[in-house]
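To convert, note that position 115 of the sequence shown is 116 in our numbering; the numbers rise steadily by one, no gaps. Report on the following structure.
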Amino acid sequence: EFHCGFEEEALCSFSQDKSDEFDWTRHSGSREGTTYTPNTGPSSDHTGSNQGFYMFIETSRPRLEGDKARLMSPTFNINSKSVASSSSASNNPTYCFTFYYHMYGKHIGALNIFLRQKGQTPTDTLVWSLTGNQGNYWRQARVNIHPTTAFQVVMEGVRGSGIEGDIAADDVTIEEGECKDSPPNNLRSFASLPSCYVLLLCITQSLVLIGWQR
2 EFHCGFEEEA LCSFSQDKSD EFDWTRHSGS REGTTYTPNT GPSSDHTGSN QGFYMFIETS
62 RPRLEGDKAR LMSPTFNINS KSVASSSSAS NNPTYCFTFY YHMYGKHIGA LNIFLRQKGQ
122 TPTDTLVWSL TGNQGNYWRQ ARVNIHPTTA FQVVMEGVRG SGIEGDIAAD DVTIEEGECK
182 DSPPNNLRSF ASLPSCYVLL LCITQSLVLI GWQR
């Protein structure tokens, strides 16, 4: 099992992608309370400790909408015993990637998780994605991944339409085996939909109920 709470400056060998537009920042609540912009970002790490650290993307100027920051895990070799016992390609070993995220602010963009598999040409596969304001809470996500070769997990924060869009991540774990009680990988919520869509859905449901009662 691999675990990283970003408490050390070495970041558990996580690294910043050099080909993106900006970097993730290591931060703790004891420094400035919240992140640098009001009405966005967490005030502490996911345990509630002001002394604990987490990683976040700072979306103030000079950042532009759509700018990406990618944080890459160390490279993991898949368990050769698991591969040997697999009878087909569809039975590749499963790993559970768990992390906490905080997506609070009216300008939240997106948080994407990619599985990057090593090879002559590394391939990135989107395994989890969430967009929009999720409230001023830390939430946990659990994602089953199925690498066929040595791999990394890439956390990509995407800047939204304004400065109130800081996204944070904390306490990352990777362990062999399927996630227990894992939520859907591509997690979506009504919070990420425009309000007009939600209103339209509610009106449609009401009309259906009225028609049924008649």
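Backbone N, C-alpha and C fix where the C-beta goes; we use that ideal spot for every residue, glycine too.
Short Cβ contact (8 Å threshold) for T95 with Q153: Taking 8 Å as the Cβ cut-off, T95 and Q153 do not qualify as a contacting pair.
Compare the beta carbon distance of I164 and H103 with 8 Å and say whether it is the shorter of the two. Taking 8 Å as the Cβ cut-off, I164 and H103 do not qualify as a contacting pair.
Where does G166 sit, in a helix, a strand or coil, going by DSSP? G166 falls in the coil class under three-state DSSP.
Identify, in the order they occur along the chain, each residue of the same chain with its Cβ nearer than 6 Å to the Cβ of Y101, setting aside the five sequence neighbours on each side. Result list for Y101: H47, W139, Q141, D171, D172, in chain order.
When you compare only the Cα positions, how much space is there between S130 and S50? In this model, S130 and S50 are separated by some 27 Å (Cα to Cα).
CA nearest to the CA of L127, picked from G158, K181, G178: Ranking G158, K181, G178 by Cα distance to L127 puts G158 first.
So for L127, helix, strand or coil by DSSP? In the structure shown, L127 falls within a strand segment according to DSSP collapsed to helix, strand and coil.
Exposure label - G106; buried when at least 16 CB within 10 Å: So G106 ends up on the buried side.
Would you check whether the ligand GDP has a heavy atom nearer than 7 Å to the C-beta of H4? Only the bare structure without any ligand can be found here, which leaves the ligand GDP out of the picture.
Kindly list the residues whose CB is nearer than 8 Å to the CB of Q121, restricted to its own chain and excluding five residues on each side of it in sequence; keep chain order. If we look at Q121 and ignore the five residues flanking it on each side, it has no Cβ neighbours.
What number of angstroms, rounded off, separates the C-alpha of Q52 from the C-alpha of T41? Roughly 19 Å between the two C-alpha positions.
CB I146 to CB F98, shorter than 8 Å? Taking 8 Å as the Cβ cut-off, I146 and F98 qualify as a contacting pair.
Which of the three DSSP states is assigned to C13 in this structure? Here C13 sits in helix by DSSP.
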